[in-house]
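I have placed the structure first, in the form of structure tokens, so that the comments after it can refer back to it.
Residue numbers (this note's numbering): 14 to 847.
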């Protein structure tokens, strides 16, 4: 137990410890005193660039251009970036571990962890013209923001680099020189700045600036020369030119302590160790100051270090070592504090005695039997707070030992902690270099940790963790394999065939894998042949086709779309070809693919009639071309335009030697010319009337001459003409002309149509005239229709038709009793004759 507490130092009633995380791999190559350092939180990467004071730019020499080095937390170089922009004012890391480099011309370059440029932003025209003289990069609530101070002494803040839009902050009064210090106070709606101009403090945002009142009880202060905000932005530390350290709340409402450091020089760094203490970094030592004015001094072995604020401590990055300074977790203190009588400490001792096979183990267990569940929890939580695997195992063995005496304690907490610690120990390994604490992992979440392993290209470890934690394939292994494949296609020194085979052998038919995404990455890298190979493995044509079009492999895209049977996909390719090729090239591309051609023709019929005609014409489809012109003629508004369009149809039919269609179209044109004349004569529309309707209208209007002309011109059959004329004369109630027409010659259609036409237009008297000329079998029914029941009965009797008599009887039985009796007598008489 003694070795666990050997590096503990008391700060008031709590303890702090400094743990070595790594011995840095860069020891021989890096001297931090000559570099500007920026490190990401949550055990993130470290970026270095040689400090301007130690760098002399040559006359256009690329050799002397500064280089940004990106290292893991263990000091292993990950990437280098040759900086070619203006002087860098500040570097920082985003919440997604992108490196932000802010130059003095206001440009912000964003790189990924491997040094690839992702995008470039700008902080505005003022920053470009008057230069950026100071900058701060911050992370808050899942977003990354940037605040800059320009040479014209204006502040600008971009609250989210993903939606960059810099806003000017309200100027504090009297800001005609750089402020003595300033910090960012982000909040949900944006950000405020706390600006110190000598001893005066101003809280400013985009709309207002308010002076803040702070009282220093330890003496007069002429300037606040350094400020630090805590990791959670709730606490503030200020260092003054008199050596006074002020610790309080970020809203300045509470003061926890004022501590005289007896050092008037500005500290190299002022940082918060979680939320419990403030660290002042001087030349060769660190002072840890608590809210109760207690202090711990840590001498520094390295000449230069860099402090990184974390959720639960401070990382100290030096030339030789990377350390974590943190408050000893409460559970660790409960178990390992010298003289502790906590149940966890007793259980740990009992476990050790049990391993020695000592009877004292039972004594310890008896002492805490009522608090055994609490003891188990303390040992589990203490294991979470330890970095050394051997100590973790000892604590977990103690927890397991205690659980064996409990029958109703659920195992989930113990199992979950074992899994989490195994993952943490794996990512803390020197080869990975992510020194996360358990508290940081809880905040970061396991999903984000796996994403960060993928970002670092530790694909194998990420997949093993997913499998170990039983994460579903779609969210775990499959997704990681997809990222691996996207990285694989970027390896320029490997043959396309080899990469395609390697990816397919590894991925196969794994659910959740999109070969099209991998192929898209290959296209971005300029490897078209590889992309086509990869797309052969893609099962979904809807994912294949768009990428093939993007690669300008239009023939292959069309072929894949047709094979899929998805008409929407075929349409997409066809319209893409239409927009990017000349009409001739386009028709050539689809002519030999019937599915594409028929779908395009269908589209043209509905949307683009002009192109449809051109299509038929170029393909010598004269029948279809003529038919299209005929259909188009129906959409024309005037008779003249209809005739013009039909003339084109006639010409197409003639070119294709379709004699019948050409003759029919010619006759339609003649009819329309007649109709034009009739419209002029009668001021009435004849448009879109058929030949029969036109003749009918002429008779209706009394123009028998034109009706005869039309009959003769268009060789209308006599019977059809009879039918038209009879009905039309009846409708126009020209009974005299109808009678004359019936007597002019023997009717070719009989006289029933004359009779029916008179009845239809309510003239029974005229109808009766034609009964005598009807066929005998129709006379009885005709007399009944006009109400001549006696004549009908006599006719039926004369024809010896009992059925005819029954028909008459059915109509008059109730209304004409005498006639009904006579009909009965007639029927009896007919039966006697038989």
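Heads up, the beta-carbon is just placed ideally off N, CA and C, and yes, glycines get one too. None of these values were measured; they are calculated from a predicted model.
- Looking at the DSSP output, residue 298 sits in a beta bridge with 312.
- Within its own chain, the residues whose Cβ lies closer than 7 Å to the Cβ of residue 786, once the five positions on either side in sequence are excluded, are 764, listed in chain order.
- Residue 617 sits buried, since 16 or more C-beta atoms from the chains shown fall within 10 Å of its C-beta.
- As DSSP reads the structure, residue 120 sits in a beta bridge with 135.
- With respect to the 8 Å criterion, residue 236 and residue 253 are classified as neighbours on the basis of their beta carbons.
- Looking from the CA of residue 782, the closest CA among 587, 768, 793 belongs to 768.
- Excluding five sequence positions before and after residue 211, the CB atoms of its chain that fall closer than 7 Å to its own CB belong to 193, 235, 236, given in chain order.
- Here DSSP, grouped into helix, strand and coil, assigns residue 594 to coil.
- In terms of CA proximity to residue 820, 798 leads the group 831, 300, 798, 173.
- Counting only runs of 3+ residues, the beta strand (DSSP E) found wholly inside the stretch 268-298 occupies 268-273, 282-286, 290-294, in chain order.
- Within the stretch 156-182, the complete beta strand (DSSP E) segments at least 3 residues long are 156-163, 168-171, listed from N- to C-terminus.
- Counting C-beta atoms within 10 angstroms of its own C-beta, residue 357 has 16 or more neighbours from the protein chains shown and is therefore classed as buried.
- Per DSSP, residue 378 has no beta-bridge partner at all.
- Closest option to residue 629, judged by alpha-carbon separation, among 666, 825, 417, 649: 666.
- Residue 651 sits in coil when the DSSP states are folded into three classes, being neither helix nor strand.
- If you ignore the 5 residues before and after residue 839, its C-beta comes within less than 7 Å of the C-beta of 806, 810, 818, all in its own chain and listed in chain order.
- A distance below 6 Å between beta-carbons, with the five flanking residues on each side excluded, links residue 303 to the following residues of its chain, in chain order: 24, 25, 290.
- When DSSP reads this structure, residue 250 sits in a beta bridge with 241, 260.
- Within the same chain, 183, 185, 215 come within 6 Å of residue 222 by CB-CB distance, once the 5 residues on both sides are set aside.
- Of 208, 81, 287, 717, the smallest CA-CA separation from residue 98 is found for 81.
- Residue 548 is positioned such that its CB atom lies closer than 8 Å to that of residue 532.
- If you look at residue 421, you'll find it isn't in any alpha helix (DSSP H); DSSP assigns it neither H nor E.
- Rounded to whole angstroms, the Cβ separation of residue 708 and residue 735 is 11 Å, and the two are not in contact under 8 Å.
- Residue 538: not part of any beta strand (DSSP E); DSSP gives it neither H nor E.
- Under the DSSP definition of a beta bridge, residue 322 partners with 327.
- By the neighbour-count criterion, in which a residue is buried when 16 or more other Cβ atoms sit within 10 angstroms of its Cβ, residue 673 is exposed.
- Linking residue 756 to residue 656 through their CA atoms gives a straight-line distance of about 40 Å.
- Sorting 271, 272, 307, 320 by C-alpha distance to the C-alpha of residue 295 places 320 at the top.
- Looking at the DSSP output, residue 30 shares a beta bridge with 21, 339.
- Counting C-beta pairs with one atom in each stretch, the stretch 419-439 and the stretch 36-46 have fewer than three that are closer than 8 Å, which means they do not touch.
- Boundaries of the beta strand (DSSP E) harbouring residue 194: 194-200, taken from the DSSP string.
- Counting of Cβ neighbours within 10 angstroms places residue 398 among the buried residues, the total reaching 16 or more.
- Contact between residue 45 and residue 332 holds, since their C-beta atoms are separated by about 6 Å, short of 8 Å.
- Here the stretch 633-653 does not lie against the stretch 598-609, with fewer than 3 beta-carbon pairs under 8 Å apart.
- With three or more CB-CB distances shorter than 8 Å, the stretch 711-725 counts as touching the stretch 733-748.
- By the Cβ criterion, the stretch 85-92 is in contact with the stretch 118-136, since at least three pairs of Cβ atoms, one from each stretch, lie closer than 8 Å.
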